[in-house]
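A short worksheet on the structure shown next.
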Amino acid sequence: MEGSGDEENSEGRGPSNKNADKEASKKEKPSFELSGALLEDSNTFRGVVIKYSEPPEARIPKKRWRLYPFKNDEVLPVMYIHRQSAYLLGRHRRIADIPIDHPSCSKQHAVFQYRLVQYTRPDGTAGRKVKPYIIDLGSGNGTFLNNQRIEPQRYYELREKDVLKFGFSSREYVLLHESSDATEDDQKTEEEEEKESTCRADSE
């Protein structure tokens with residue numbers, strides 16, 4: 005694989021081994037069947053067939069993530085991306101949550117997806133938190149994470165200050181959140197997310 009996935013697990017982050025990679029690939033394989041909240045009826049949204057449906061672990065984040073777009077040296081309006089669990093990016097303005105108008109970009113190019121996933125706390129215990137991911141929907145000219153092209157139809161975990169690019173567009177999107185420099189606030193938000201997810205799991 006090119007770029008950030010060369011030495012990463014099935015989600016594009018961290019070390020991998022053959023057994024773990026095979027097991028994770030089964031668990032983390034994204035769904036492309038036409039179902040879910042994005043659809044107006046059985047297979048369309050606003051009259052357009054959708055290539056993607058959200059996974060069961062999709063969640064709306066507590067942390068207020070933002071995308072800061074830049075075109076060359078020009079700073080563009082900030083995009084607030086914490087109000088829903090997924091954002092479709094593409095040239096098709098009728099359905100795209102975040103339109104990307106460059107001709108090299110696909111109509112349904114990629115999805116920014118929040119997922120509730122397990123992680124290991126500093127003390128070694130297991131926990132769960134909502135993390136942002138990017139997935140390319142088989143676009144013609146690719147999605148780039150920190151200048152490295154990612155594989156299509158595969159989730160890549162995103163981290164604060166990561167940079168996304170789409171197709172041959174010169175526009176860059178920097179991922180930050182409102183408490184990027186406030187570790188204490190960040191930890192509090194993660195604890196709130198984990199508590200909420202635990203309550204939700206108990207009720208299901």
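Under the working numbering, think of the first position of the sequence shown as 5, with each following residue one higher.
Here a beta-carbon is modelled for each residue, glycine too, at the ideal position from N, C-alpha and C.
Roughly how many angstroms separate the alpha carbons of residue i and residue j, rounded to a whole number?
i           : j           : result
residue 155 : residue 140 : 7 Å
residue 76  : residue 91  : 24 Å
residue 93  : residue 183 : 25 Å
residue 142 : residue 56  : 11 Å
residue 128 : residue 134 : 18 Å
residue 72  : residue 86  : 13 Å
residue 152 : residue 130 : 31 Å
residue 159 : residue 83  : 21 Å
residue 112 : residue 49  : 12 Å
residue 78  : residue 108 : 20 Å
residue 96  : residue 53  : 11 Å
residue 124 : residue 81  : 35 Å
Going by other Cβ atoms of all chains shown within 10 Å of its Cβ, with 16 needed for buried, is residue i buried or exposed?
i           : result
residue 98  : exposed
residue 157 : exposed
residue 146 : buried
residue 132 : buried
Spatial neighbours of residue i within its chain, please: CB distance less than 8 Å, with the 5 preceding and 5 following residues excluded, ordered by chain position.
i           : result
residue 61  : 119, 120 and 121
residue 166 : 149, 150, 178 and 179
Please return the same chain residues whose Cβ sits closer than 7 Å to the Cβ of residue i, not counting the five positions on each side in sequence.
i           : result
residue 181 : 67, 68, 69, 70 and 164
residue 144 : 110
residue 162 : 136, 137, 138 and 179
residue 114 : 93, 138, 139, 140, 141, 143, 147 and 170
residue 88  : 64
residue 100 : 92, 93 and 94
Return the chain-ordered list of same chain residues with a C-beta closer than 6 Å to the C-beta of residue i, the five sequence neighbours on each side being excluded.
i           : result
residue 74  : 176
residue 169 : 148 and 176
residue 65  : 86, 118 and 134
I need the boundaries of the beta strand (DSSP E) containing residue i, first residue and last residue.
i           : result
residue 136 : 130-140
residue 176 : 175-181
residue 169 : 167-170
residue 119 : 114-124
residue 149 : 147-149
residue 72  : 69-75
Shorter than 8 Å from the beta carbon of residue i to some beta carbon of chain D?
i          : result
residue 64 : In the structure shown, chain D does not exist; there is a single protein chain.
Original post:
Would you say the stretch 161-176 touches the stretch 95-109, given that touching needs at least three Cβ pairs under 8 Å?
Top reply: yes
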